[in-house]
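One structure below.
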Amino acid sequence: MSRTIGTGADVWRAARLGYTDGSSPGADVMRTVLTAVAILTALAGHARAGGMLVEHAAAPETATRETANWTGCYAGGHLGGAWGTSSKWIPRTPGGAFQGVSLGGHDVDGVIGGVQAGCDVQLANRVVLGIGGDYGWTDANGSHPSARETGVTYRSEMDGLGTLTGRIGYAFDTLLVYVEGGAAWERVSYAAATTQIGTAYRASDTREGWTIGGGGEYALTQHLSAFVEYAHYDFGTDRITLDPQYNFLPTAYVDIEDTANVVRAGINLRFGGGW
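Numbering follows our numbering, with no gaps: position 144 of the sequence shown is 310.
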């Protein structure tokens with residue numbers, strides 16, 4: 167049984183207005199990612215304009231920059247797109263209808279923004295080992311009509327995604343390419359509604375799972391880096407307790423399988439390392 171159940175402002179506003187311009191959910195997610203990349207490009211340009219190039223200014227034919235070192239800790243923020251699935255929706259209520267039969271599933275998508283922090287150690291062979299964590303707030307949601315019932319709709323919304331991961335990468339001087347994986351958590355809400363009485367059931371749950379992904383991080387200056395990465399999340403199948411919104415309804419139980427994917431870009435302020 168489950169546990170009880172910017173620039174950024176414009177992006178969030180567009181996401182919550184829905185897809186009134188005829189664009190697809192996937193197009194809105196991609197638009198969000200492109201917006202994040204544009205922000206990073208602007209910041210990189212600002213750093214260069216301010217004289218904070220990765221290479222230090224050097225006198226002709228004399229000074230040279232040392233090789234970048236990724237040893238140190240970091241903290242920062244990110245923005246991107248999230249999408250996934252909420253599938254199966256198999257009733258498990260004792261004596262209930264359609265017990266053990268799937269009522270269908272749906273896709274979810276939306277924007278995500280959050281924070282991250284961690285530490286890295288660069289070895290002599292340029293291999294970089296690290297550990298980090300992140301949390302992102304998201305409005306990724308979706309719904310579907312029941313595959314067996316008439317006038318019944320099921321809905322889910324991811325409220326947040328968090329991870330604690332280890333990573334291994336290789337440093338090409340100021341470019342770090344890496345893969346990462348570890349534990350993941352999802353904060354999610356579920357609902358069931360009928361055309362006769364509206365929302366009949368609600369539930370909220372914090373689900374545990376795993377994540378794997380990878381990306382690249384580039385040192386803009388000695389203490390500022392930018393990254394782009396992809397991560398896949400799997401939360402398996404969990405039995406959710408659906409709380410009735412009317413006294414005449416019984417408590418219901420349903421098995422739901424959740425997965426998620428995130429593409430994000432972000433900025434880190436780094437402490438230590440450098441060159």
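Every residue, glycine too, gets a C-beta built ideally from N, C-alpha and C.
Would you say the region 231-243 touches the region 266-276, given that touching needs at least three Cβ pairs under 8 Å? no
In chain order, what residues of the same chain lie with their CB nearer than 7 Å to the CB of residue 429, ignoring the 5 residues before and after it? 199, 246, 247, 396
Can you name the start and end residues of the beta strand (DSSP E) that residue 323 belongs to? 318-338
Taking only the alpha-carbon atoms, compute the straight-line gap between residue 387 and residue 297 and give it to the nearest angstrom. 22 Å
Residue 329: buried (16+ other C-beta within 10 angstroms of its C-beta) or exposed? buried
Outcome for residue 342 when other beta-carbon atoms lying within 10 angstroms are tallied against a minimum of 16: buried
From 234, 337, 253, residue whose alpha carbon lies closest to that of residue 423: 253
Per DSSP, what are the beta-bridge partners of residue 393 in this structure? 383, 432
With distances taken Cα to Cα, identify the nearest neighbour of residue 120 among 382, 367, 371, 294. Past the boundaries of the shown model lies residue 120; the chain is included only from 167 to 441, so the question cannot be answered.
DSSP-derived helix/strand/coil call for residue 222: Per-residue confidence for residue 222 stands at a pLDDT of 44, beneath the threshold of 50, marking its modelled position as unreliable; the derived number appears in the next sentence. Residue 222: coil per DSSP, three-state reduction.
Local Cβ density within 10 Å of residue 383, reported as buried at 16 or more and exposed below that: buried
For residue 376, write down the residues that DSSP places opposite it in a beta bridge. 349, 400
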